[in-house]
Structures are given as C-alpha cells and as structure tokens.
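Undergrad: Residue numbers (our numbering): 662 to 736.
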Amino acid sequence: MEEKCLSRAENIIKYPQGFRVVHYRLFRREVFDKVGLQDSRIPYVEDLDLFLRMELAGMRLSTIPLVDDAFILHD
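(1) Using three-state DSSP, classify Leu709 as helix, strand or coil.
(2) Would Leu711 be called buried (16 or more neighbouring beta carbons within 10 Å of its own) or exposed?
(3) For Asp736, which three-state DSSP category applies?
(4) Our contact map puts Gly697 next to Arg714 with C-beta atoms below 8 Å; I'd like the distance itself, whole angstroms only.
(5) Is Arg715 helix, strand or coil when you go by DSSP?
Shown next, in the form of structure tokens:
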C-alpha cells in the first residue's frame, strides 16, 4: 500500500480527495502540546482544522498500512 502524506497545508484545501478516511488516529502528546486540541466550537470536520494546524507547524501526516479493513460482528 502506498503511503499518503500531506506535504503542504495548501494541498489540503486544493486536493481534499487525498485524505484517507479513518476513525482512529494515534498522536504523541507533544503534537497536542504544540498545536492544541481539536476545536470543539467547530461542529463538523474539526479534525481537518487540527490537521491544518499540524501541517502549518511543520508536521507530516502519514498512514501506517497495518489494517485496511476491520469488521465487528454483532449478534
């Protein structure tokens, strides 16, 4: 699987299809110490705001291709 990285904050706005939709993220505490937490005043896509702040702070986002799909079976 190809690694997806966001190289510049402007690309997020110009090319939003480059995002991977995920329901989990792992960040070191230092990330939040540097850019702050997600803004709870933003009703939707607050993660996009966080990613933009991370990118503007010089951080790179990447995907670790461990699991592509996971399913939970409910009775």
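Note that the Cβ used here is the ideal one computed from N, Cα and C, for glycine as well. Here the structure is a predicted model, which is why all the values come from computation and not from measurement.
TA: Once the coordinates are examined:
(1) helix
(2) buried
(3) coil
(4) 7 Å
(5) Checking the sequence shown, residue 715 turns out to be Met, not Arg. Reduced to three states, the DSSP call for Met715 is helix.
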